[in-house]
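Heads up, the thing below is written out as structure tokens.
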């Protein structure tokens, strides 16, 4: 009969499975000087109360960080405006005036933003705001503009219409470029000083810069702070992902990833709600950024990454975290595991983190240079880079297009963001049933087809356009999430994170090109949608001819990675 014992530590009990070590399915290493972290994580349970509470605490600031990625959609968004008509406008002009009909030329989508009819009135004429005093066959550009009332963005605050509209595009580009620049820097800080430290530092800096940005007195000041605020907050998701996932069992990775994506999507949608309620870029930034300062309390609320602590040989702290998790989850630890924890707390300096010698030797032979010399791996990497570039480009393209699409821009934006929640759920289920490659290919192609249909249904009812945008966003989000898993499963362990980071960097570059593409639509209609359609259909076809990774164990060596798709391994029975 199985016996149970309990160990009391600071008044709290930890259950001990007193089954003899040789009978335990998870007995520790025979090497008494090895600290087996994987064994301890396995014993505290895959996803208990401890992990759930930590996830919720971590996801609150991730929800806020999601807003930083897309805040420029409203702070630097377009507004309706027209030229000032000196002969007609009062000292405090209004956007909607009856004289617009004979002073402003009409274009395809309404009255011109940047041109006005030339006045032919003489100085001696009395009331010069009459139709006969404007030459409707000749128009000229103007330098002053009147903006639609009811909303305050940087475009009307600093008169950035027409000749200065490129400055609006630059805001979005700088926001997304800041991720590419700052993530490697914050990655180094994370490796050097810890995941939790970087998580907190990045969010505190983002909140500080964002708050200062809301008091910007010039465009230059606004743009500099846009780079600093967005860049500082760019590591929040990655650090939060690591902090949350490292204490979760492999069989619950999908659940953990789903929770993170739900909160991230909710944060994006919340940005739309705040923008709709405030309609003022200064208050939008204050409400979005300031709450992130709650992370100042996080050193007392969440633990540091156990794997980072173990790599730094801070085993006493690791043992305390594992014990806390075991107590909260009411997990049963084997006597050998409890002894390992006690040794770590008393003489952790004599223990070493367990690493399999054979595995370590194999990994040493799998360097980045040797991987790049493999034609098979190199071709797969090129395909992945193209797919990541496409996924990020289309993801941001559809999201930003929702603001300028027909209908209410706030409602459109909120719906486009919320669709990421079912996308996260569907992608996990579908990729496990039908494989990564097929789901990637189909979702890319459907997203591209939707973009084509949108182009050719410009005169369709509003709800048709919105449904097509939502469907396209659903598919490209599923492709992006599936692509993350697919990429991780394709490459050897030692270079996996490096190549994932490379793909992510190229993806960020793709996203950074979206604002410029949207700006160029004043010269080429539907340019962003045309690019989206071409890229996604090509990506779908390209990835279809790649290998399938489902039911393959993660490759540790170059040889194992090259065999993926050639000799599928059967499922464990």
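Numbering (our numbering), first residue to last: 3 to 575. Ideal Cβ positions, reconstructed from N, Cα and C, are used throughout, including at glycine.
Residue pairing of residue 137 in beta bridges, as defined by DSSP: 120. For residue 413, the uninterrupted alpha helix (DSSP H) segment begins and ends at 411-420.
Cα atoms of residue 497 and residue 483: separation of roughly 20 Å, rounded to the nearest angstrom. In the DSSP assignment, residue 148 falls within the unbroken beta strand (DSSP E) covering 147-149. The C-beta distance from residue 429 to residue 449 rounds to 13 Å, too long to fall under 8 Å, and the pair is not in contact. The segment 83-97 makes contact with the segment 141-161; the number of CB pairs closer than 8 Å reaches 3 or more. Contact annotation: residue 178 and residue 514 have beta-carbon atoms nearer than 8 Å. Under the three-state reduction of DSSP output, residue 262 falls in the helix class. The Cβ atoms of residue 543 and residue 530 lie no closer than 8 Å to each other. Around the beta carbon of residue 410, fewer than 16 other beta carbons sit within 10 angstroms, so the residue counts as exposed.
Per DSSP, residue 85 is one residue of the beta strand (DSSP E) stretching across 83-85. If you look at residue 44, you'll find it in the alpha helix (DSSP H) that goes 39-46. Distances from the alpha-carbon of residue 205 to those of 112, 122, 347 and 299 put 299 closest.
Residue 546 carries a helical assignment under DSSP once its states are collapsed to helix, strand and coil. In the DSSP annotation of this structure, the continuous segment of the alpha helix (DSSP H) that includes residue 69 starts and ends at 51-72. For residue 187, the enclosing alpha helix (DSSP H) covers residues 168-195. The count of Cβ pairs closer than 8 Å, one atom from the segment 400-415 and one from the segment 501-515, stays below three, leaving the stretches out of contact.
By the beta-carbon neighbour count (other beta carbons within 10 angstroms, threshold 16), residue 384 is exposed. Contact check between the segment 191-200 and the segment 219-230: fewer than three CB pairs, one atom from each, fall below 8 Å, which does not count as touching. Counting only the Cα atoms, residue 183 lies some 10 Å from residue 236. Assignment of residue 201 by DSSP, reduced to helix, strand and coil, places it in the helix class. The Cβ atoms of residue 269 and residue 412 do not sit closer than 8 Å to each other. Cβ-Cβ distances below 6 Å link residue 382 to 492 in the same chain, with the five nearest sequence neighbours on each side left out; the list follows chain order. Sequence-distant partners of residue 153 (beyond 5 residues in either direction) whose C-beta falls short of 8 Å from its own C-beta, in its chain, are 81, 281 and 282. Residue pairing from DSSP places residue 154 in a beta bridge opposite 282. Distance from residue 521 to residue 167 at the Cβ level is roughly 7 Å; contact confirmed, criterion being Cβ atoms closer than 8 Å. Closest by C-alpha distance to residue 347, out of 73, 320 and 245, is 320.
The residue from 267, 190, 241 and 180 with its alpha-carbon nearest to that of residue 417 is 267. When C-beta atoms of the segment 50-70 are compared with those of the segment 241-248, three or more pairs fall below 8 Å, so the two segments count as touching. As the crow flies, the alpha-carbon of residue 433 is around 20 Å from that of residue 565.
Sequence-distant partners of residue 288 (beyond 5 residues in either direction) whose C-beta falls short of 7 Å from its own C-beta, in its chain, are 213 and 216.
In the same chain as residue 309, and ignoring 5 residues on each side of it, the C-beta atoms closer than 6 Å to its own belong to 248, in chain order. For residue 528, no alpha helix (DSSP H) segment is defined, and its DSSP state is neither H nor E.
In this model, residue 387 and residue 500 are separated by some 13 Å (Cα to Cα). For the beta strand (DSSP E) assignment, the segment 404-484 encloses no uninterrupted run of at least 3 residues. Collapsing the DSSP output to three states places residue 224 in a helix.
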